[in-house]
Ligand code: SF4
Ligand code: SF4
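Numbering (our numbering), first residue to last: 187 to 635.
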């Protein structure tokens, strides 16, 4: 349940070495602008154009962004993060392009380099600004396009690039592949848990993540226990277990597609009706929506975040939990990609109630919950450290306002940012995982069939 902080600090030190492992992109500088523009041209459909046209430059989105709120620096204004895309639109696609070309400067290579820290270090694609915009401008989805353009131009920050290159070439993340998964599986089997691996047919395909294999073993163990407790016909697959998608985070669509297709193929092959995504925020949209788009047709299974799955089981009365948390005051952090983007709010709260915990909502919660500050791969970008710290400091104020003793969440990346921040300021609040709490609350006996 508690994270080994020495192990965690060692992991953080390893992350600092990532830039030295990144392969150079060897991209001719002169081609960068053309590559970025090519992406803009491909992505600029009528939906995106309507968002760009709708912006009235009111600046309200700034007050929604944790980086602006914490710093007060207009540099972090959300709409500013997509300026090159906006400029390309005005010059090349907008109704008044013939006029705009007279006044609007073309995008330069220097612009792309200047926007790299804004697009990668200063935006977690959390979508809070999109939610706040009175015009409904979806800035977060346009930051995704900005990342895709910069990735195409060879401008992914080195730390993130190293992991994207590893996943793209070897299919592993932080060196974790089928062998490391099996070591974790054997450790669970030694504890007496049944872990079905690579089953031919299964109703449920369970994903995991590198973070759970390396750091948060209890999350994996709890997931296994839940599946067995519910008596499900489930499996985990050695070649399709990684939920994290660094192609998505870096903006490299080829790598993103390969990672999600690996899961989709296996889920279809084994006839799964459900794919359970681990506590990893971005894994959820990577499979549930982007995965379906990449597949080209509706997915023949339902992708559920583990918090969503647990909540559904509790609400349906199939998962009964011991009230192990009775009287404990906690607050819940909705991972942005699961909560604000996915609408999964009630399910984790149903689980927390079942556990007997006293839930205290933060001043900004649910749809307006602030990001942990380290999502969308920021925890791999060394130059984003100041921004991650700003995000944590804001979150710390939010948590302390509740009087809760502990913060519960359902995302490994959020946990990493909270743990790093807590370690930095010697914070006295607990940082807990929803699925791990459920694991503690399962009765020892198997359920009556
Ligand atoms: S809140 Fe919306 S309309 Fe206002 S500046 Fe931001 S994106 Fe534009
Ligand atoms: S998506 Fe989140 S981090 Fe990015 S600009 Fe909007 S509020 Fe800020």
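All C-beta atoms in this analysis are idealised placements derived from N, C-alpha and C, irrespective of residue type, glycine included.
In this text the structure is predicted, and so the values were computed from the model without any measurement.
- In this structure, residue 314 has its beta carbon less than 7 Å from a heavy atom of ligand 2.
- For a cut-off of 8 Å, the C-beta gap from residue 566 to residue 400 is around 14 Å, too long to register as a contact.
- Contact between the region 379-395 and the region 309-327 is absent: fewer than 3 CB-CB pairs across the two stretches fall below 8 Å.
- In the three-state reduction of the DSSP assignment, residue 420 falls in the strand class, which pools E and B.
- For residue 260, same chain residues with a beta-carbon under 8 Å away, outside a window of 5 residues either side, are 248, 254, 266 in chain order.
- Annotation: residue 551 to residue 296 spans about 39 Å, alpha carbon to alpha carbon.
- Under the 10 Å beta carbon count, residue 292 is surrounded by fewer than 16 other beta carbons and is classified as exposed.
- For ligand 1, no non-hydrogen atom lies closer than 7 Å to the CB of residue 251.
- Residue 605 and residue 313 have their C-alpha atoms some 23 Å from each other.
- Annotated three-state conformation of residue 409 is helix, per DSSP.
- For residue 526, no alpha helix (DSSP H) run applies, since DSSP gives it neither H nor E.
- Taken from the Cβ of residue 270, every heavy atom of ligand 1 lies 7 Å or farther away.
- Excluding five sequence positions before and after residue 580, the CB atoms of its chain that fall closer than 8 Å to its own CB belong to 252, 255, 256, 556, 559, given in chain order.
- Using a Cβ distance threshold of 8 Å, residue 615 and residue 593 count as a contacting pair.
- Any heavy atom of ligand 1 counts here; residues with a Cβ closer than 7 Å to one of them, in chain order, are 240, 241, 242, 243, 244, 245, 246, 247, 264, 265, 315, 318, 319, 320, 321, 323, 325.
- If you draw a straight line from the Cα of residue 299 to the Cα of residue 270, it is about 11 Å long.
- With a cutoff of 7 Å, residue 309 counts as near ligand 2, since its C-beta is closer than that to a heavy atom of the ligand.
- Rounded to whole angstroms, the separation of the alpha carbons of residue 235 and residue 366 is 45 Å.
- Cβ-Cβ distances below 6 Å link residue 517 to 546, 548, 585, 588, 590, 593 in the same chain, with the five nearest sequence neighbours on each side left out; the list follows chain order.
- DSSP places residue 491 in the strand class (E or B) of the three-state scheme.
- For residue 329, the shortest separation between its Cβ and any heavy atom of ligand 2 lies below 7 Å.
- In the three-state reduction of the DSSP assignment, residue 338 falls in the helix class.
- Counted as a single uninterrupted DSSP element, the stretch harbouring residue 263 is not any alpha helix (DSSP H), since DSSP gives it neither H nor E.
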